[in-house]
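Following: one structure in C-alpha coordinates, then a few remarks.
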Amino acid sequence: MDVYTRRKIKDALGRFLIALIGLVALFPLFHIFFSIAYNGVKVIAASGIVEFLTGIPNPTNPRSPGGIGPALLGSIVLAVVATAIAIPIALNAAIFVSEFRGSPASRFTLLLSLLLVEFPTILVGLFVYAVVVEPMKGFSLLAGSIALALVMLPYVVAQASEALRQIPRDLREAAYSLGLSRLKTVYRLMLGMARRGILVGVLIGLAKALGETAPLLFTVYGAFNTYPQTILDPGAAIPLLIYIYAQQPGEGYRELA
(Lines of atoms letter the chains of each structure in order from A and count residues from 1; the text may use other names and numbers.)
(Lines give C-alpha, C1' and ligand atoms only; values in the text may rest on other atoms or scores of the structure.)
Protein backbone atom coordinates (compact mmCIF):
# COMPACT_ATOMS: atom_id res chain seq x y z
CA MET A 1 0.00 0.00 0.00
CA ASP A 2 1.51 3.28 -1.09
CA VAL A 3 1.65 6.50 0.95
CA TYR A 4 -1.18 8.16 -0.98
CA THR A 5 -3.60 5.28 -0.30
CA ARG A 6 -2.72 5.22 3.40
CA ARG A 7 -3.39 8.95 3.64
CA LYS A 8 -6.77 8.56 1.94
CA ILE A 9 -7.72 5.79 4.38
CA LYS A 10 -6.62 7.85 7.38
CA ASP A 11 -8.55 10.85 6.06
CA ALA A 12 -11.71 8.80 5.53
CA LEU A 13 -11.37 7.21 8.98
CA GLY A 14 -10.90 10.62 10.59
CA ARG A 15 -13.98 12.02 8.84
CA PHE A 16 -16.01 8.99 9.92
CA LEU A 17 -14.95 9.33 13.56
CA ILE A 18 -15.73 13.07 13.59
CA ALA A 19 -19.19 12.43 12.09
CA LEU A 20 -19.82 9.61 14.59
CA ILE A 21 -18.82 11.77 17.56
CA GLY A 22 -21.04 14.57 16.27
CA LEU A 23 -24.04 12.24 15.95
CA VAL A 24 -23.47 10.85 19.45
CA ALA A 25 -23.30 14.38 20.85
CA LEU A 26 -26.49 15.44 19.02
CA PHE A 27 -28.48 12.30 19.85
CA PRO A 28 -29.75 13.51 23.28
CA LEU A 29 -30.87 16.79 21.71
CA PHE A 30 -32.79 15.03 18.93
CA HIS A 31 -34.27 12.58 21.44
CA ILE A 32 -35.59 15.43 23.61
CA PHE A 33 -36.94 17.30 20.58
CA PHE A 34 -38.79 14.33 19.08
CA SER A 35 -40.08 13.21 22.48
CA ILE A 36 -41.58 16.65 23.13
CA ALA A 37 -42.98 16.82 19.58
CA TYR A 38 -44.52 13.33 19.81
CA ASN A 39 -46.21 13.93 23.16
CA GLY A 40 -47.19 17.49 22.24
CA VAL A 41 -48.95 16.44 19.03
CA LYS A 42 -51.17 14.07 21.03
CA VAL A 43 -52.29 16.86 23.36
CA ILE A 44 -52.91 19.29 20.48
CA ALA A 45 -54.89 16.62 18.61
CA ALA A 46 -57.03 15.93 21.69
CA SER A 47 -57.98 19.60 22.11
CA GLY A 48 -57.72 20.87 18.53
CA ILE A 49 -55.14 23.43 17.47
CA VAL A 50 -57.48 26.44 17.83
CA GLU A 51 -58.64 25.36 21.29
CA PHE A 52 -55.05 24.60 22.30
CA LEU A 53 -53.80 28.05 21.29
CA THR A 54 -56.75 30.05 22.63
CA GLY A 55 -58.47 27.92 25.25
CA ILE A 56 -58.28 27.85 29.03
CA PRO A 57 -56.27 25.01 30.63
CA ASN A 58 -58.39 22.12 31.88
CA PRO A 59 -55.73 19.77 33.26
CA THR A 60 -58.20 17.77 35.37
CA ASN A 61 -59.55 16.21 32.14
CA PRO A 62 -56.69 14.22 30.51
CA ARG A 63 -58.83 13.45 27.43
CA SER A 64 -59.28 17.16 26.65
CA PRO A 65 -56.75 19.17 28.68
CA GLY A 66 -57.74 22.51 27.17
CA GLY A 67 -55.25 25.08 25.92
CA ILE A 68 -52.55 27.57 26.77
CA GLY A 69 -54.35 30.75 25.66
CA PRO A 70 -53.67 32.96 28.72
CA ALA A 71 -50.04 31.83 28.94
CA LEU A 72 -49.49 32.39 25.21
CA LEU A 73 -51.01 35.87 25.36
CA GLY A 74 -48.96 36.64 28.47
CA SER A 75 -45.73 35.62 26.73
CA ILE A 76 -46.53 37.85 23.76
CA VAL A 77 -47.35 40.84 25.98
CA LEU A 78 -44.23 40.29 28.08
CA ALA A 79 -42.05 40.10 24.96
CA VAL A 80 -43.47 43.28 23.42
CA VAL A 81 -43.42 45.39 26.60
CA ALA A 82 -40.01 44.13 27.75
CA THR A 83 -38.51 44.92 24.34
CA ALA A 84 -40.08 48.39 24.34
CA ILE A 85 -38.55 49.06 27.76
CA ALA A 86 -35.13 47.53 27.10
CA ILE A 87 -34.28 48.94 23.65
CA PRO A 88 -34.23 52.70 24.45
CA ILE A 89 -32.25 52.18 27.66
CA ALA A 90 -29.82 49.72 26.08
CA LEU A 91 -29.21 51.83 22.96
CA ASN A 92 -28.44 54.95 24.97
CA ALA A 93 -26.15 52.96 27.26
CA ALA A 94 -24.37 51.49 24.22
CA ILE A 95 -23.95 54.96 22.69
CA PHE A 96 -22.51 56.24 25.96
CA VAL A 97 -20.09 53.31 26.20
CA SER A 98 -18.89 53.66 22.60
CA GLU A 99 -18.73 57.46 22.43
CA PHE A 100 -17.09 58.06 25.79
CA ARG A 101 -14.90 55.00 25.91
CA GLY A 102 -12.13 55.20 28.46
CA SER A 103 -14.01 57.46 30.86
CA PRO A 104 -14.70 56.11 34.37
CA ALA A 105 -18.46 56.35 33.87
CA SER A 106 -18.24 54.49 30.55
CA ARG A 107 -16.11 51.73 32.06
CA PHE A 108 -18.53 51.42 34.98
CA THR A 109 -21.52 51.17 32.61
CA LEU A 110 -19.80 48.45 30.60
CA LEU A 111 -18.80 46.59 33.76
CA LEU A 112 -22.36 46.78 35.08
CA SER A 113 -23.76 45.35 31.85
CA LEU A 114 -21.24 42.51 31.93
CA LEU A 115 -22.14 41.76 35.54
CA LEU A 116 -25.83 41.60 34.64
CA VAL A 117 -25.07 38.81 32.15
CA GLU A 118 -23.83 36.60 34.99
CA PHE A 119 -26.36 37.86 37.53
CA PRO A 120 -28.81 35.14 38.68
CA THR A 121 -32.15 35.95 37.15
CA ILE A 122 -33.99 34.90 40.29
CA LEU A 123 -32.34 37.86 42.03
CA VAL A 124 -33.64 40.09 39.24
CA GLY A 125 -37.11 38.80 40.05
CA LEU A 126 -36.63 39.48 43.76
CA PHE A 127 -35.38 43.00 43.01
CA VAL A 128 -38.39 43.81 40.83
CA TYR A 129 -40.67 42.28 43.45
CA ALA A 130 -39.25 44.66 46.06
CA VAL A 131 -39.31 47.84 43.95
CA VAL A 132 -42.36 47.25 41.73
CA VAL A 133 -44.66 44.49 43.00
CA GLU A 134 -44.70 45.55 46.65
CA PRO A 135 -45.35 49.28 45.98
CA MET A 136 -48.07 48.38 43.45
CA LYS A 137 -49.61 45.91 45.93
CA GLY A 138 -49.94 43.15 43.38
CA PHE A 139 -48.42 41.01 40.66
CA SER A 140 -48.73 42.21 37.08
CA LEU A 141 -47.54 41.72 33.53
CA LEU A 142 -45.87 45.12 33.81
CA ALA A 143 -43.68 43.90 36.67
CA GLY A 144 -42.78 40.79 34.67
CA SER A 145 -41.94 42.93 31.64
CA ILE A 146 -39.60 45.10 33.72
CA ALA A 147 -37.86 41.97 35.04
CA LEU A 148 -37.41 40.56 31.53
CA ALA A 149 -36.20 43.96 30.28
CA LEU A 150 -33.43 43.83 32.90
CA VAL A 151 -32.53 40.36 31.63
CA MET A 152 -32.36 41.67 28.04
CA LEU A 153 -30.34 44.82 28.76
CA PRO A 154 -26.77 43.45 28.95
CA TYR A 155 -27.08 41.49 25.70
CA VAL A 156 -28.38 44.47 23.74
CA VAL A 157 -25.79 46.81 25.28
CA ALA A 158 -22.91 44.45 24.47
CA GLN A 159 -23.92 43.84 20.84
CA ALA A 160 -24.94 47.44 20.13
CA SER A 161 -21.78 48.98 21.63
CA GLU A 162 -19.60 46.56 19.67
CA ALA A 163 -21.48 47.37 16.45
CA LEU A 164 -21.04 51.10 17.07
CA ARG A 165 -17.32 50.68 17.73
CA GLN A 166 -16.91 48.94 14.36
CA ILE A 167 -18.01 52.05 12.43
CA PRO A 168 -14.92 53.74 10.89
CA ARG A 169 -13.97 57.04 12.48
CA ASP A 170 -13.62 58.57 8.99
CA LEU A 171 -17.39 58.41 8.56
CA ARG A 172 -17.95 60.33 11.78
CA GLU A 173 -15.47 62.99 10.75
CA ALA A 174 -17.16 63.26 7.35
CA ALA A 175 -20.49 63.82 9.10
CA TYR A 176 -18.95 66.49 11.32
CA SER A 177 -17.47 68.22 8.26
CA LEU A 178 -20.96 68.43 6.74
CA GLY A 179 -22.16 70.33 9.77
CA LEU A 180 -23.90 67.55 11.69
CA SER A 181 -23.68 67.78 15.45
CA ARG A 182 -22.42 64.87 17.50
CA LEU A 183 -25.95 64.07 18.60
CA LYS A 184 -27.31 63.99 15.05
CA THR A 185 -24.32 61.98 13.84
CA VAL A 186 -24.92 59.31 16.45
CA TYR A 187 -28.70 59.03 16.18
CA ARG A 188 -29.15 59.65 12.44
CA LEU A 189 -26.04 58.03 10.98
CA MET A 190 -24.37 55.61 13.35
CA LEU A 191 -27.46 53.84 14.67
CA GLY A 192 -28.57 53.15 11.11
CA MET A 193 -25.18 51.72 10.18
CA ALA A 194 -25.12 49.56 13.31
CA ARG A 195 -28.67 48.27 12.91
CA ARG A 196 -27.63 44.69 12.13
CA GLY A 197 -25.57 44.38 15.29
CA ILE A 198 -28.34 46.03 17.29
CA LEU A 199 -30.91 43.62 15.86
CA VAL A 200 -28.71 40.65 16.76
CA GLY A 201 -28.45 41.93 20.33
CA VAL A 202 -32.21 42.42 20.58
CA LEU A 203 -32.91 38.91 19.28
CA ILE A 204 -30.36 37.31 21.62
CA GLY A 205 -31.71 39.23 24.59
CA LEU A 206 -35.31 38.43 23.69
CA ALA A 207 -34.54 34.73 23.29
CA LYS A 208 -32.86 34.73 26.70
CA ALA A 209 -35.76 36.60 28.33
CA LEU A 210 -38.52 34.46 26.81
CA GLY A 211 -36.96 31.31 28.24
CA GLU A 212 -36.78 32.66 31.79
CA THR A 213 -39.00 31.36 34.56
CA ALA A 214 -37.36 32.56 37.78
CA PRO A 215 -38.04 36.32 37.35
CA LEU A 216 -41.69 35.61 36.54
CA LEU A 217 -42.27 33.62 39.73
CA PHE A 218 -41.99 36.83 41.76
CA THR A 219 -43.61 39.26 39.34
CA VAL A 220 -46.35 37.77 37.15
CA TYR A 221 -47.93 35.29 39.60
CA GLY A 222 -49.23 32.67 37.15
CA ALA A 223 -52.92 33.31 36.38
CA PHE A 224 -53.24 30.41 33.93
CA ASN A 225 -57.05 30.26 33.82
CA THR A 226 -57.95 33.89 33.10
CA TYR A 227 -57.05 36.35 30.37
CA PRO A 228 -55.53 39.60 31.68
CA GLN A 229 -57.46 42.76 30.83
CA THR A 230 -54.51 45.17 31.16
CA ILE A 231 -50.77 44.90 31.78
CA LEU A 232 -51.47 45.83 35.41
CA ASP A 233 -53.28 42.51 35.94
CA PRO A 234 -51.61 39.25 36.98
CA GLY A 235 -50.82 37.02 34.04
CA ALA A 236 -49.00 33.92 32.93
CA ALA A 237 -46.30 32.85 30.51
CA ILE A 238 -45.44 29.62 28.74
CA PRO A 239 -42.19 28.93 30.69
CA LEU A 240 -44.06 29.53 33.94
CA LEU A 241 -46.88 27.20 32.91
CA ILE A 242 -44.39 24.46 32.02
CA TYR A 243 -42.54 24.88 35.32
CA ILE A 244 -45.67 24.82 37.50
CA TYR A 245 -47.64 22.14 35.66
CA ALA A 246 -44.68 19.77 35.29
CA GLN A 247 -44.52 19.51 39.09
CA GLN A 248 -48.20 18.61 39.52
CA PRO A 249 -49.21 14.98 40.11
CA GLY A 250 -52.12 14.89 37.66
CA GLU A 251 -51.68 13.41 34.19
CA GLY A 252 -53.47 16.34 32.54
CA TYR A 253 -51.03 18.82 34.07
CA ARG A 254 -48.01 16.96 32.75
CA GLU A 255 -49.55 16.59 29.29
CA LEU A 256 -50.16 20.34 29.04
CA ALA A 257 -46.61 21.03 30.25
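In case it helps, our numbering puts the sequence shown at residues 1 to 257. C-beta atoms are modelled at their ideal positions from N, C-alpha and C, and glycine is treated no differently. All of these numbers come straight from a predicted model, not from anything done at the bench.
Where the alpha helix (DSSP H) through residue i begins and ends
i	result
VAL157	141-165
ILE87	69-99
ILE198	195-210
GLY40	3-47
THR213	Taken as a continuous stretch (DSSP letters only), THR213 belongs to no alpha helix (DSSP H), as it is neither H nor E.
GLY125	121-128
VAL117	104-118
TYR187	Where TYR187 is concerned, there is no enclosing alpha helix (DSSP H), given that its DSSP letter is neither H nor E.
LEU171	169-177
Beta-bridge pairing of residue i - partner residues as DSSP gives them
i	result
TYR221	GLY235
GLY66	PRO57
Test item: CB-CB of residue i and residue j under 9 Å
i	j	result
ALA149	VAL133	no
VAL202	ILE18	no
VAL157	SER113	yes
ALA71	ILE238	yes
ALA82	SER140	no
ILE44	PHE52	yes
ALA90	MET152	yes
GLY67	ILE56	yes
LEU210	LEU78	yes
Min CB distance residue i to chain C below 9 Å
i	result
TYR176	In the structure shown, chain C does not exist; there is a single protein chain.
Are three or more beta carbon pairs between the region 113-132 and the region 194-205 nearer than 8 Å? With fewer than three CB-CB distances shorter than 8 Å, the region 113-132 does not count as touching the region 194-205.
So, do the region 55-64 and the region 169-183 have three or more beta carbon pairs nearer to each other than 8 Å? Put simply, the region 55-64 does not touch the region 169-183. Fewer than three CB pairs are less than 8 Å apart.
Count Cβ pairs between the region 170-178 and the region 211-230 that sit closer than 8 Å; are there 3 or more? Between the region 170-178 and the region 211-230 there are fewer than three C-beta pairs closer than 8 Å, too few to call the two in contact.
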